[in-house]
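Keeping their order, the protein sequence lines are chains A, B, C and D. Numbering-wise, the first sequence is residues 1 to 50 according to this note's numbering. Numbering-wise, the second sequence is residues 1 to 355 according to this note's numbering. Numbering-wise, the third sequence is residues 1 to 281 according to this note's numbering. Numbering-wise, the fourth sequence is residues 1 to 315 according to this note's numbering. Structure, as structure tokens:
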Amino acid sequence: MGIEPGRLHFSWISSAESTKFVTVATQVTEAVRALGPNTRFIQPPLAEVA
Amino acid sequence: MRMLLIDRRAWEEGLKRAAGDYRLIGPVKEKEFHSFRPLAAGQLPDFAFQNSRLSPKHVIYPQTEPMFTYTLEETREDRHLLREVVRDIPPTAVVGIRPCDAKAFVLVRLNFDTPDVQDPYWLRAYEATTFIGLGCNAPCGSCFCTTAGCGPFHEEGLDLLLAETAEGFTAKVLTAKGEAFARAAGWTKPAPEGTEAALQELARAAEGRITSFVQTEHLKSIPVNDLYHAPFWDEVSFACINCGTCTYSCPTCWCFDIQDETRGKAGVRLKLWDSCMYPLFTLHGSGHNPRGTKLHRVRQRFLHKLKYFVEKYDRGIQCVGCGRCVRLCPVNIDIRRVCNMMNGYAVSGEACAIP
Amino acid sequence: MRNPYQPYPVRIDAVTVETEDRNLKTFRFSFLNPGDEERFSYRAGQFAELSIAGKGEIPIGIASSPTEKGFVMFTVNKVGLVSSHLHSMKAGDVMGIRGPLGNWYPWERMEGKNVVIIGGGFAFTTLRSSIVYMLDPANRGRFGEIHVIYGARTPGMLLYREELAAWERRDDIHMHITVDATQDPAWKYNVGFVPAITEKKAPPAGEDTFAIICGPPIMIKFTLPVLEKLGYPNDRIIMSLENRMKCGIGMCGRCNIGKEFVCKDGPVFTLEQLNRTPREY
Amino acid sequence: MTSTTAILREIAARLLSSGAVEMVIGFRQGTIPMMNEPCFVRKPDEVGHLVWDSHCGINLANYLTDRKEKIGIVAKGCDSRNVVTHILENKIRREQLVVIGVPCRGMADKRKIAMKCPGEILRVSETATAITAEGEGFSRTFEKADVLQHNCSLCIHRNPVIYDELAGDLVEEQQGVDRYADVRAVEEMTPERRWKYFEDLLAPCIRCYACRNACPLCYCPTCFVDESRPQWVGKGQDPIDVRTFHFLRAYHCAGRCTDCGACERACPVGINMRLFTKKLEKDCRELFDWEAGLSLEARPALDQYRPNDPNDFIR
Numbered sequence: 001m002g003i004e005p006g007r008l009h010f011s012w013i014s015s016a017e018s019t020k021f022v023t024v025a026t027q028v029t030e031a032v033r034a035l036g037p038n039t040r041f042i043q044p045p046l047a048e049v050a
Numbered sequence: 001m002r003m004l005l006i007d008r009r010a011w012e013e014g015l016k017r018a019a020g021d022y023r024l025i026g027p028v029k030e031k032e033f034h035s036f037r038p039l040a041a042g043q044l045p046d047f048a049f050q051n052s053r054l055s056p057k058h059v060i061y062p063q064t065e066p067m068f069t070y071t072l073e074e075t076r077e078d079r080h081l082l083r084e085v086v087r088d089i090p091p092t093a094v095v096g097i098r099p100c101d102a103k104a105f106v107l108v109r110l111n112f113d114t115p116d117v118q119d120p121y122w123l124r125a126y127e128a129t130t131f132i133g134l135g136c137n138a139p140c141g142s143c144f145c146t147t148a149g150c151g152p153f154h155e156e157g158l159d160l161l162l163a164e165t166a167e168g169f170t171a172k173v174l175t176a177k178g179e180a181f182a183r184a185a186g187w188t189k190p191a192p193e194g195t196e197a198a199l200q201e202l203a204r205a206a207e208g209r210i211t212s213f214v215q216t217e218h219l220k221s222i223p224v225n226d227l228y229h230a231p232f233w234d235e236v237s238f239a240c241i242n243c244g245t246c247t248y249s250c251p252t253c254w255c256f257d258i259q260d261e262t263r264g265k266a267g268v269r270l271k272l273w274d275s276c277m278y279p280l281f282t283l284h285g286s287g288h289n290p291r292g293t294k295l296h297r298v299r300q301r302f303l304h305k306l307k308y309f310v311e312k313y314d315r316g317i318q319c320v321g322c323g324r325c326v327r328l329c330p331v332n333i334d335i336r337r338v339c340n341m342m343n344g345y346a347v348s349g350e351a352c353a354i355p
Numbered sequence: 001m002r003n004p005y006q007p008y009p010v011r012i013d014a015v016t017v018e019t020e021d022r023n024l025k026t027f028r029f030s031f032l033n034p035g036d037e038e039r040f041s042y043r044a045g046q047f048a049e050l051s052i053a054g055k056g057e058i059p060i061g062i063a064s065s066p067t068e069k070g071f072v073m074f075t076v077n078k079v080g081l082v083s084s085h086l087h088s089m090k091a092g093d094v095m096g097i098r099g100p101l102g103n104w105y106p107w108e109r110m111e112g113k114n115v116v117i118i119g120g121g122f123a124f125t126t127l128r129s130s131i132v133y134m135l136d137p138a139n140r141g142r143f144g145e146i147h148v149i150y151g152a153r154t155p156g157m158l159l160y161r162e163e164l165a166a167w168e169r170r171d172d173i174h175m176h177i178t179v180d181a182t183q184d185p186a187w188k189y190n191v192g193f194v195p196a197i198t199e200k201k202a203p204p205a206g207e208d209t210f211a212i213i214c215g216p217p218i219m220i221k222f223t224l225p226v227l228e229k230l231g232y233p234n235d236r237i238i239m240s241l242e243n244r245m246k247c248g249i250g251m252c253g254r255c256n257i258g259k260e261f262v263c264k265d266g267p268v269f270t271l272e273q274l275n276r277t278p279r280e281y
Numbered sequence: 001m002t003s004t005t006a007i008l009r010e011i012a013a014r015l016l017s018s019g020a021v022e023m024v025i026g027f028r029q030g031t032i033p034m035m036n037e038p039c040f041v042r043k044p045d046e047v048g049h050l051v052w053d054s055h056c057g058i059n060l061a062n063y064l065t066d067r068k069e070k071i072g073i074v075a076k077g078c079d080s081r082n083v084v085t086h087i088l089e090n091k092i093r094r095e096q097l098v099v100i101g102v103p104c105r106g107m108a109d110k111r112k113i114a115m116k117c118p119g120e121i122l123r124v125s126e127t128a129t130a131i132t133a134e135g136e137g138f139s140r141t142f143e144k145a146d147v148l149q150h151n152c153s154l155c156i157h158r159n160p161v162i163y164d165e166l167a168g169d170l171v172e173e174q175q176g177v178d179r180y181a182d183v184r185a186v187e188e189m190t191p192e193r194r195w196k197y198f199e200d201l202l203a204p205c206i207r208c209y210a211c212r213n214a215c216p217l218c219y220c221p222t223c224f225v226d227e228s229r230p231q232w233v234g235k236g237q238d239p240i241d242v243r244t245f246h247f248l249r250a251y252h253c254a255g256r257c258t259d260c261g262a263c264e265r266a267c268p269v270g271i272n273m274r275l276f277t278k279k280l281e282k283d284c285r286e287l288f289d290w291e292a293g294l295s296l297e298a299r300p301a302l303d304q305y306r307p308n309d310p311n312d313f314i315r
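Set out below in structure tokens:
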């Protein structure tokens, strides 16, 4: 589609694995932040459409 | 009726000059097909085409058109109120429209410009537009304009009619709008005596090249319920996949939908092309659908064009014979065949044999 | 050029739950801008598009009568996107009304005649408008006998119950209210389906009698033969149709039955007209 | 008349006379060059309408959905795979069908032929290996292999995978076909390039839904684009909405698409939306060793869990 690879993450975390959740969430956040703001699949504000 | 002579140089320079006063729209080749697009500065319309892939109806009637905007921001005084979108339409000229497509607008106008209500979106665009027609010297094998109330040099709906010649064009000025455009383009050179006769000769020759026809003379008189219950609809509609290709490519199809789209707190009410081929077109909130099968929907399309319209307006069929639906239908449902079956049913009370 | 798609801004003044299943609510609106009420001048039998920014529009029959001033009223069944949202709105909210749209019951033709109104379920809205209109002191003398046959599934599903009771008490209108079934021992009106009650209670047919019939398809299907049996001619059986609509002004192309648009040439048709056209409703 | 046509008519007449089927679904001669129309035949004396040539590209499995009759269906390789998929997905029962298999040598790409001709094509004829197109003042003959639909030129299942009757001898399957060169080219693009590439690819889309409706897989009673509660996708020409339609539709076909090419063939504006479905087809093949519609016994890739399913993408 043209979405940068780093924006999509999959992980399997059991409800008991709280530390894994923290680690993964932190990693994902950092990875996405490093890519900067998303520009794809963003629709312009409607004011511009009309 | 003034006849003008436009040589190649006058043509190019004239369009450049007219571009100062008009937004020019013309046929442009995109990949394999021609489409009607705004011409860039200095860009000439490309007349090396039989007809554009899709009709130029989008020039007057965009596929998606904002009607109103609104805000759902509760702090705003005008929340939930609809503000009309008035499209800024500069004087526009469609250069090189085929006579069939121009005539189509005349038929569509019957729907959008009625004695008691007018659709301002359609009408404003139509009134701002000048139609510079291009006579059709080489009609397609699937064109049937001459028996669909039109023709390769048909003048109805045009403001100026061009005929291509070896040196450039001859032009027939048909309306005040056409006169104004010719003035803006600086096309003033009168054509010599006999040009109009030559144009008629060209038209006759082009008409002679039409090889495909429809019969329509009995459509008006046959009772609508007889046609509605005719036995051939199952066979006619079988192949249909209920896509919107025929309706979207048709210059005379006008049906539309109205939808609200909101992003955040800002929204717009849109007018969008719709199609009688889609089940959703007529689906009731209750789940009931009066045209719930493809047989219903295919029958609706043909009856609308070839019967309801004929009865309602007495202006012939709602078709100009451009042949696009014939060429583009993915499963080869052919309006010419169906029209002739309907017309034939009026006489014989039975469907023609399947060819 | 007046934009026929532009609704008049209105405020919801009151919301009334009509039926025990809470699926029908009556909304009373007043116009925000002075002069719009006059511009929205309507006849009984017409409809309007209720317009909610961000949701869309729905065609709804006008339930108030032209003789009732200062407000317009609509009773709405909760079915789809717009009607569900409308049901969540409350007094004070602002929205739009576009209309009046379509034709109306043939009041000129019916002048001096007897009128039988046959309604079922929630299709009673424009019939309420018609009854209030005819009962108005200025109009009552212009019509002959008025009969109303109105049925719902249960007593709790009848619309406008207080008004029905008030009309029952009057002597210038013959009310025949019925329910499909009820366990309510206090129920003092008819029990039975509308076609059966019509057969028993409808006045005899004649040159001077019109029937207006409005209800679910199944009711219409079984009532028409009854009227036929009673001798009502097709051009005196008046029906109001519903179809999916968008524009309401005969342009968007979806609500047609044959060459007639339900939104513009209808919604009111005589049975005679309907018999001449494909029945795509 | 091709010999396949003659055999088809003979089979259809036999099936209809014996009462084995109530209708035969096939093609009849179209009204314009290079177009045949899907049709049904109910009586033995009507089988003369049936034809077979290189212009039968529409997938006839599309016409089986939820039908109740006993049907004889004319099926080339891809149609037969979609018949299998239809049976697996309970859109038709095997017992209702007599599959009249047609070994296929590929369908002609009418656009490709039109592009190679100097004017409008008015007549087309064919032999086993060549197609001749004629118009005013020209006549061009093409090797069939040069003017096949793209999907047909890459096809590795030309013979029907199930059949009860066979209209002709089985053909040799194409060997050593590189099916995914175009997908790889897209995969190799940077995300920016790819985004732009699809933007250009989909720009002409008019959302007529011919691709969806020509597809035998797209039989949902209400497609997600038509849903209003909730409304997933805007209905206009917004490029994001158009893109959402195309790639979500492709996902709905994952592990089901046979690359029959009906979508691309049906498109009035010439969009190659097969690039989307082929990417998923390639993934299914590489990751799950799955090809759709080859067997009535195997469960589709998305329909079964195997412990060794690839899951490297999960961290």
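We put the CB at the ideal spot given by N, CA and C, even for glycine. Small disclaimer: the values here were computed from a predicted structure and weren't measured.
Do you know how far the Cα of C:K113 is from the Cα of C:F143? Here the question's residue 143 of chain C lines up with position 143 in the third sequence. Here the question's residue 113 of chain C lines up with position 113 in the third sequence. Looking at the two C-alpha atoms, the distance is approximately 5 Å.
Return the chain-ordered list of same chain residues with a C-beta closer than 8 Å to the C-beta of C:S51, the five sequence neighbours on each side being excluded. Taking the first residue of the third sequence as 1, we reach residue 51 of chain C at position 51. Contacts found: P7, E57, M95, G96, I97, R98.
How long is the line joining the alpha carbons of B:R183 and B:Q63, rounded to whole angstroms? As a first step, residue 183 of chain B is located in the second sequence; it is residue number 183 there, counting from the start. As a first step, residue 63 of chain B is located in the second sequence; it is residue number 63 there, counting from the start. Going by the C-alpha atoms only, they are around 32 Å apart.
B:G14 lies in the alpha helix (DSSP H); which residues open and close that run? Taking the first residue of the second sequence as position 1, residue 14 of chain B is located at position 14. That run of the alpha helix (DSSP H) goes 8 to 18.
Backbone CA spacing between C:N3 and B:D119 [nearest angstrom]: Working through the third sequence from its first residue, we reach residue 3 of chain C at position 3. Working through the second sequence from its first residue, we reach residue 119 of chain B at position 119. Going by the C-alpha atoms only, they are around 7 Å apart.
So that I know if they touch, is there some Cβ in chain D lying closer than 8 Å to that of B:D334? Position 334 of the second sequence, counted from the first residue, corresponds to residue 334 of chain B. Chain D contact via Cβ: present.
Bridge-paired residues (DSSP) for B:K271: In the second sequence, residue 271 of chain B corresponds to position 271, counting from 1. Looking at the DSSP assignment, B:K271 forms a beta bridge with B:E65, B:I258.
Does any residue of chain C have a CB that is nearer than 8 Å to the CB of B:Y248? Taking the first residue of the second sequence as position 1, residue 248 of chain B is located at position 248. Cβ-Cβ to chain C under 8 Å: no for B:Y248.
Test item: CB-CB of B:F33 and B:V94 under 8 Å: For this step, residue 33 of chain B is matched to residue 33 along the second sequence. For this step, residue 94 of chain B is matched to residue 94 along the second sequence. No. Outside cutoff.
Along the chain, where does the alpha helix (DSSP H) that runs through D:I162 open and close? Here the question's residue 162 of chain D lines up with position 162 in the fourth sequence. Run containing D:I162: none; DSSP gives neither H nor E here.
Going by DSSP, what residues sit across from C:R28 in a beta bridge? Within the third sequence, residue 28 of chain C is the residue found at index 28, counting from 1. The partner list for C:R28 (beta bridge, DSSP) reads C:A14, C:M73.
Which residue wins for smallest C-alpha separation from D:E89, given the options D:N308, D:R229, D:V242, D:C257? Position 89 of the fourth sequence holds residue 89 of chain D. When only C-alpha atoms are compared, the closest one is D:C257.
Since B:C243 meets chain D, which of its residues come closer than 9 Å, beta carbon to beta carbon? In the second sequence, the residue the question calls residue 243 of chain B occupies position 243. Going along chain D in sequence order, the residues near B:C243 (Cβ under 9 Å) are C208, Y209, A210, C211, R212, N213, A214, A266, P268.
With 16 other Cβ atoms within 10 Å as the buried cut-off, status of B:D314: Taking the first residue of the second sequence as 1, we reach residue 314 of chain B at position 314. So B:D314 ends up on the exposed side.
For the stretch 171 to 256 of chain C, which segments carrying the beta strand (DSSP E) assignment without a break, of at least 3 residues, lie completely within its bounds, in sequence order? Fully enclosed beta strand (DSSP E) runs of 3 or longer: 174 to 179, 209 to 214, 237 to 240.
Excluding the 5 residues flanking B:C352 on each side, which residues of the same chain have their C-beta closer than 7 Å to its C-beta? As a first step, residue 352 of chain B must be located in the second sequence, where it is residue number 352. The pLDDT assigned to B:C352 is 47, lower than 50, so where the model puts this residue is not dependable; a value taken from the coordinates is nonetheless given after this. N340, M341, G344, listed in sequence order.
Consider the Cβ of D:F245: report whether some Cβ of chain A lies at a distance smaller than 8 Å. Translated into the one-based positions of the fourth sequence, residue 245 of chain D becomes position 245. For D:F245, not one C-beta of chain A is nearer than 8 Å to its own C-beta.
Environment of D:R42 [buried if 16+ CB atoms lie within 10 Å]: Along the fourth sequence, one-based indexing puts residue 42 of chain D at 42. By the 10 Å Cβ count, D:R42 comes out exposed.
I need the straight-line Cα distance from B:R79 to B:Y70, nearest angstrom please. Working through the second sequence from its first residue, we reach residue 79 of chain B at position 79. Working through the second sequence from its first residue, we reach residue 70 of chain B at position 70. Between B:R79 and B:Y70, the C-alpha separation is close to 7 Å.
Determine, using beta carbons only, whether C:T75 and C:A91 come nearer to each other than 8 Å. As a working mapping, residue 75 of chain C is identified with position 75 in the third sequence. As a working mapping, residue 91 of chain C is identified with position 91 in the third sequence. Judged by beta-carbon spacing, C:A91 lies beyond the 8 Å limit of C:T75, meaning their Cβ atoms are not closer than that value.
By Cβ distance below 7 Å, which residues in the same chain neighbour D:L15 in space, the five residues on each side in sequence not counted? Along the fourth sequence, one-based indexing puts residue 15 of chain D at 15. V21, V24, G72, V98, listed in sequence order.
Please look up how many angstroms separate the CB atoms of C:V226 and C:E199, rounded, as I've assumed it's under 8 Å. Locating residue 226 of chain C in the third sequence gives position 226, counting from the first residue. Locating residue 199 of chain C in the third sequence gives position 199, counting from the first residue. Indeed they touch by this definition, with Cβ atoms about 5 Å apart.
Simplified DSSP state of D:A266, which is helix, strand or coil: The sequence position of residue 266 of chain D within the fourth sequence is 266, counting from 1. In the structure shown, D:A266 falls within a helical segment according to DSSP collapsed to helix, strand and coil.
As assigned by DSSP and simplified to three states, the class of B:Q118: Walking along the second sequence from the start, residue 118 of chain B turns up at place 118. Three-state result, B:Q118: strand.
Can you tell me where the alpha helix (DSSP H) holding C:M110 begins and where it ends? As a first step, residue 110 of chain C is located in the third sequence; it is residue number 110 there, counting from the start. Residues 107 to 110.
Please specify which runs of the beta strand (DSSP E), each continuous and at least 3 residues long, are wholly inside the stretch 53 to 98 of chain B, giving them in chain order. 64 to 71, 92 to 97
For the candidate residues B:Q200, B:G151, B:R337, B:T247, whose alpha-carbon lies nearest to that of B:F256? Reading the second sequence from its first residue, position 256 is the one you call residue 256 of chain B. Cα-wise, what sits closest to B:F256 is B:T247.
For C:E145, tell me which candidate among C:G121, C:F222, C:P204, C:G215 has the shortest Cα-Cα distance. Here the question's residue 145 of chain C lines up with position 145 in the third sequence. When only C-alpha atoms are compared, the closest one is C:P204.
Quick one: Cα of D:N159 to Cα of D:K76, how far? Your numbering for residue 159 of chain D matches position 159 in the fourth sequence. Your numbering for residue 76 of chain D matches position 76 in the fourth sequence. Each residue's alpha carbon lies about 7 Å from the other.
Considering only the beta carbon of each residue, do D:H55 and D:A108 sit closer than 8 Å? As a position in the fourth sequence, residue 55 of chain D is number 55, starting the count at 1. As a position in the fourth sequence, residue 108 of chain D is number 108, starting the count at 1. Their beta carbons are under 8 Å apart, which means D:H55 touches D:A108 by this criterion.
In three-state terms, what does DSSP make of D:G48? In the fourth sequence, counting from the first residue as 1, residue 48 of chain D sits at position 48. Three-state result, D:G48: helix.
Measuring only the C-alpha atoms, how far is D:K112 from D:V147? For the purposes of this step, residue 112 of chain D is taken as residue 112 along the fourth sequence, with counting starting at 1. For the purposes of this step, residue 147 of chain D is taken as residue 147 along the fourth sequence, with counting starting at 1. Cα-Cα distance, rounded: 6 Å.
So what's B:D113 in DSSP terms, helix, strand or just coil? One-based indexing of the second sequence puts residue 113 of chain B at position 113. Looking at B:D113 - three-state DSSP - the assignment turns out to be strand.
As a quick exercise: from C:A196, C:C255, C:N256, pick the residue whose alpha carbon is nearest that of C:L230. Indexing the third sequence from 1 puts residue 230 of chain C at position 230. If we check each option's Cα against that of C:L230, C:A196 comes out closest.
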